[in-house]
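J.: Line by line, the protein sequences give chains A and B. Number 288 marks the last residue of the first sequence (my numbering); no jumps. Number 295 marks the last residue of the second sequence (my numbering); no jumps. By construction, the Cβ of each residue, glycine as well, lies at the ideal position given by its N, Cα and C atoms.
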Amino acid sequence: MIEGYRSTLQRSENTVKRQPQVTNLYVWCLHGFSLLLCLVMVFPLLWLVSTAFKLPEEVFARTLQMFPSQPTLQNFSDALNAYPVDRWLANSVFVAVAITLGKLMVSLPAAFVLARWRFRGRQLLFAMIVGTMIVPYIVTIVPNFILVSNLRWMNSVWGVIIPMTAFVGFNIFFLRQAMLTLPQDLFDAAAVDGANTWTMLTRIAIPLVRPSIVVVSVLSFILAWDLYLWPLLILGDTDSKTLSVGLQYFAVNQPAGEQAWGPLMAAALISMLPPLVIYLLAQRQIISAYVISGIKG
Amino acid sequence: MTWKRLEAYLYVLPSLLLVSLFIYWPLVFSMFLSTQDWNLVSPRPEFVGIDNFAELARDADFHDVVKNTFFYIAILTPLQVLLPLGMALLMWPIRKSRPYKIYRIILFLPVIVPFSASSVAWLWMYNPTAAGIFNQILSSLGVTEQTWLRDPDLAIWCIIAISVWRVIGVNFTIYMSALVSVPDDYVEASALDGASALQAMLRIRLPLISPTLFFVLITTVIFVSEEIFTAISILTDGGPFGRTSNVLWFLFERGFRFFRVGEASAIAIFVFVVMVFLTWLQFRYVEKRVHYD
Chain A
-8 MIEGYRSTLQ
2 RSENTVKRQP
12 QVTNLYVWCL
22 HGFSLLLCLV
32 MVFPLLWLVS
42 TAFKLPEEVF
52 ARTLQMFPSQ
62 PTLQNFSDAL
72 NAYPVDRWLA
82 NSVFVAVAIT
92 LGKLMVSLPA
102 AFVLARWRFR
112 GRQLLFAMIV
122 GTMIVPYIVT
132 IVPNFILVSN
142 LRWMNSVWGV
152 IIPMTAFVGF
162 NIFFLRQAML
172 TLPQDLFDAA
182 AVDGANTWTM
192 LTRIAIPLVR
202 PSIVVVSVLS
212 FILAWDLYLW
222 PLLILGDTDS
232 KTLSVGLQYF
242 AVNQPAGEQA
252 WGPLMAAALI
262 SMLPPLVIYL
272 LAQRQIISAY
282 VISGIKG
Chain B
3 MTWKRLEAYL
13 YVLPSLLLVS
23 LFIYWPLVFS
33 MFLSTQDWNL
43 VSPRPEFVGI
53 DNFAELARDA
63 DFHDVVKNTF
73 FYIAILTPLQ
83 VLLPLGMALL
93 MWPIRKSRPY
103 KIYRIILFLP
113 VIVPFSASSV
123 AWLWMYNPTA
133 AGIFNQILSS
143 LGVTEQTWLR
153 DPDLAIWCII
163 AISVWRVIGV
173 NFTIYMSALV
183 SVPDDYVEAS
193 ALDGASALQA
203 MLRIRLPLIS
213 PTLFFVLITT
223 VIFVSEEIFT
233 AISILTDGGP
243 FGRTSNVLWF
253 LFERGFRFFR
263 VGEASAIAIF
273 VFVVMVFLTW
283 LQFRYVEKRV
293 HYD
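1. Tell me Asp39/B's beta-bridge partners as DSSP assigns them.
2. Can you give me, in chain order, the residues of the region 145 to 165 of chain A that have a beta carbon less than 7 Å from any beta carbon in chain B?
3. Using only the alpha-carbon positions, how far apart do Gln276/A and Val268/A sit?
4. Out of Ser25/A, Ser60/A and Pro35/A, state which residue places its alpha-carbon closest to the alpha-carbon of Ser99/B.
5. I want to see whether chain B comes within less than 7 Å of Phe110/A, judged by CB atoms only; does it?
6. Can you tell me whether Ser183/B is helix, strand or coil according to DSSP?
7. Out of curiosity, what's the CA-to-CA distance linking Pro35/A and Leu260/A?
8. What residues in the region 165 to 179 of chain A bring their beta carbon closer than 8 Å to a beta carbon of chain B?
9. Report the neighbours of Tyr128/A on chain B: residues whose CB is nearer than 8 Å to its CB, in chain order.
10. In this structure, how does DSSP classify Gly185/A when only helix, strand and coil are distinguished?
11. Closest Cβ-Cβ distance between Cys20/A and chain B: below 7 Å?
12. If you pair each beta-carbon of the region 129 to 140 of chain A with each one of the region 264 to 275 of chain B, do three or more pairs fall below 8 Å?
13. When you compare the CB of Phe285/B with every CB in chain A, is at least one pair closer than 7 Å?
14. Over the uninterrupted alpha helix (DSSP H) stretch that includes Leu173/A, give me the two end residues.
15. Contact between the region 48 to 58 of chain A and the region 190 to 203 of chain A: three or more CB pairs below 8 Å?
16. Looking at the structure shown, is Trp108/A part of a helix, part of a strand, or coil, going by DSSP?
17. Do Gly171/B and Phe110/B have their beta-carbon atoms positioned less than 7 Å apart in this structure?
18. What alpha helix (DSSP H) runs, 4 residues minimum, are completely inside the region 58 to 106 of chain A?
19. What residues of chain A sit near Thr37/B, judged by a beta carbon separation below 7 Å?
20. Measuring alpha carbon to alpha carbon, tell me which residue in Leu177/A, Phe178/A, Ala280/A and Asp228/A is nearest Ile213/A.
21. Taking only beta carbons into account, state which residues of the region 196 to 228 of chain A come closer than 8 Å to chain B, listed in chain order.
22. Between the alpha carbons of Val278/B and Leu210/A, how many angstroms are there, rounded?
23. Got a sec, what are the start and stop residues for the alpha helix (DSSP H) Lys103/B sits in?
24. Leaving out five residues before and five after Thr131/B in sequence, what residues of the same chain have Cβ atoms less than 8 Å from its Cβ?
25. Would you decide whether Gly144/B is buried or exposed? Buried here means 16 or more other CB atoms lie within 10 Å of its CB.
26. Which first and last residues belong to the alpha helix (DSSP H) in which Trp94/B is found?
27. For Val263/B, decide whether its Cβ has a neighbour in chain A, counting only Cβ atoms nearer than 7 Å.
28. Closest Cβ-Cβ distance between Thr146/B and chain A: below 7 Å?
Written as structure tokens, this is what we have:
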């Protein structure tokens, strides 16, 4: 009887194996479709990069020309001469790194006690912090603008960094989730050895949830790099801008008559490099961060 | 209070302070400001009750902006939810092939690139002169060139295009990872019953990922208005004639160009209430039809 069962099972395995077989032509069509789709999606970025390396006469050539015939770095030096792009880059790096680190510093201890300890008010605190994820950013801008101007943080990177660090809901949610899965034995053993809470957090919990820390860090960095509306309100002085709002300033204030598309694309290229490098290095983590959070950028 | 409990509160305190000061307090303060008349400069705001809301209800510009906002939502939601689903279904059979990995990387790129960088790239592509790439393509096809962002009827579609371009890769990736996570047992069982690959997809995998569809739907509706702000700011500045302006843009103009703080806060509260209502509606009516395995 067992023999008979086995043969049925084998037969069924064969059917299952045969099932997903798709004809070759169909597969080729799907690849063709995917390739076309990818070309369409990547085209604006290719056009940006190609314009950044084109000579002015090619930028305005009225013939479709995908690639620069003589790639030049002229646009980059023109961009730097026209606007303090290097300053903007430095501001962007500082803002994005500070927000990423600030979010980690406040969310790790909170996630730790919310995951591992039972104390009165724990549920409420967790709900309050994670509940901020559904408060639309739009209701906070007017009061925060007033607050930041009263604190005299206008035109200062701190006026961007501190309020934006407050959006830690996802970080705490995600890190707590990771810390919930750690075995209690580890902490019990550490307690027997006389470890205090800080040691448990820094020596046990943090090293064990490192993959999750990478996920929230890369997401925080990319979102901070992409911040637009808030820096637009706070960073009015040309020198205080981040790249995101610097590009807008550049685009709006192009000298009339001689539109500086080449240099503008060069500046845009500079602004897209850091997140791109991080994406290529931590692709899996970034994709999972977006899949879990539902953030659309 | 024991030391341990105090210590727990201390660990939560920094994040609690931050969210209270920069998220909850502003929420409450917005409600207060929405009842005030203030221009940020005069020494103190003046209480005007619900006048700001009444003013908005009469304001024809605000009506247009609300119309635009719903137009954006009505067009962008189906595009951003269904297009990527179609892509996922089409690309499902080749998900294990080598080139698929490259497709996935490329499709995800637009959301990684800073939105202001891609916006200036699209600004350049939409250039109304013959130098713009879209006009070059049109003229090589023998079609009349367009003024794109300066065309009052076309401009909103230009914003819609860039928004779709930016988001479909993320939603595609979300669908793909949900489809992959459906246990193969179910599909194999259906194969035993003679179901075809297509049937297995439509009758088994797709219903099983309905919570994901629901999640994407909600996040899309919630994020759409905020997400396109960068594009509006760089591409059209709300114009031409306010035709591309949405409610967030309108708030930005009233609050930070005209410094009508009370009115801007009233808009914020209005949006907040509508968003809470929309989310509730979706949970109430859509979630019932959603299948959680």
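T.: Looking at the atomic coordinates:
1. Counting from one through the second sequence, the residue named residue 39/B turns up at place 37. Beta-bridge pairing links Asp39/B to Glu48/B.
2. With the criterion set as a beta carbon lying under 7 Å from some beta carbon of chain B, the members of the region 145 to 165 of chain A are Pro154, Thr156, Ala157, Val159 and Ile163, in sequence order.
3. Within the first sequence, numbered from 1, the residue matching residue 276/A stands at position 285. Within the first sequence, numbered from 1, the residue matching residue 268/A stands at position 277. Their Cα atoms are separated by approximately 13 Å.
4. Along the second sequence, one-based indexing puts residue 99/B at 97. Comparing C-alpha distances from Ser99/B to each of Ser25/A, Ser60/A and Pro35/A shows the shortest one belongs to Ser25/A.
5. Looking up residue 110/A in the first sequence gives position 119. Yes, because at least one Cβ of chain B sits closer than 7 Å to the Cβ of Phe110/A.
6. Numbered from 1 along the second sequence, position 181 holds the residue referred to as residue 183/B. When secondary structure is reduced to three states using DSSP, Ser183/B falls in the coil class, being assigned neither helix nor strand.
7. Within the first sequence, numbered from 1, the residue matching residue 35/A stands at position 44. Within the first sequence, numbered from 1, the residue matching residue 260/A stands at position 269. Roughly 12 Å between the two C-alpha positions.
8. Answer in chain order: no residues at all.
9. Working through the first sequence from its first residue, we reach residue 128/A at position 137. Those within 8 Å of Tyr128/A in chain B are Glu228.
10. On the first sequence, position 194 is the one that residue 185/A refers to. In the structure shown, Gly185/A sits in coil (DSSP, three-state: anything other than H, G, I, E or B).
11. Position 29 of the first sequence, counted from the first residue, corresponds to residue 20/A. It does not: the Cβ of Cys20/A has no partner Cβ on chain B nearer than 7 Å.
12. Three or more Cβ pairs drawn from the region 129 to 140 of chain A and the region 264 to 275 of chain B lie within less than 8 Å of each other, which places the two stretches in contact.
13. Counting from 1 along the second sequence, the entry for residue 285/B is found at position 283. False, the Cβ-Cβ gap to chain A never drops below 7 Å.
14. Position 182 of the first sequence, counted from the start, is the residue given in the question as residue 173/A. That residue, Leu173/A, is in no alpha helix (DSSP H); it is neither H nor E in DSSP.
15. As far as the Cβ criterion goes, the region 48 to 58 of chain A does not touch the region 190 to 203 of chain A, which means the pair count is below three.
16. Taking the first residue of the first sequence as position 1, residue 108/A is located at position 117. Coil.
17. In the second sequence, residue 110/B corresponds to position 108, counting from 1. In the second sequence, residue 171/B corresponds to position 169, counting from 1. Less than 7 Å separates the beta-carbon of Phe110/B from that of Gly171/B.
18. You should have 65 to 73.
19. Counting from 1 along the second sequence, the entry for residue 37/B is found at position 35. In chain A, no part has a C-beta under 7 Å from the C-beta of Thr37/B; the shortest such distance is about 13 Å.
20. In the first sequence, the residue the question calls residue 213/A occupies position 222. In this structure, Ala280/A is the residue among Leu177/A, Phe178/A, Ala280/A and Asp228/A with its C-alpha nearest to the C-alpha of Ile213/A.
21. Contact annotation: in the region 196 to 228 of chain A, residues whose CB is within less than 8 Å of a CB in chain B are Ile213, Trp216, Asp217, Tyr219, Leu220, Leu223 and Leu224.
22. For this step, residue 278/B is matched to residue 276 along the second sequence. For this step, residue 210/A is matched to residue 219 along the first sequence. Going by C-alpha positions, Val278/B is about 26 Å away from Leu210/A.
23. Along the second sequence, one-based indexing puts residue 103/B at 101. Lys103/B -> alpha helix (DSSP H) spans Arg100 to Ile114.
24. On the second sequence, residue 131/B is found 129 positions in, with the first residue counted as 1. Exclusion of the five residues before and after Thr131/B leaves Asn137 as the residues of its chain whose Cβ lies within less than 8 Å of its Cβ.
25. For the purposes of this step, residue 144/B is taken as residue 142 along the second sequence, with counting starting at 1. Under this definition Gly144/B is an exposed residue.
26. Working through the second sequence from its first residue, we reach residue 94/B at position 92. Element bounds for Trp94/B: n/a, residue is neither H nor E.
27. Counted from its first residue, the second sequence places residue 263/B at position 261. True, the Cβ-Cβ gap to chain A drops below 7 Å.
28. In the second sequence, the residue the question calls residue 146/B occupies position 144. It does not; no Cβ of chain A falls within 7 Å.
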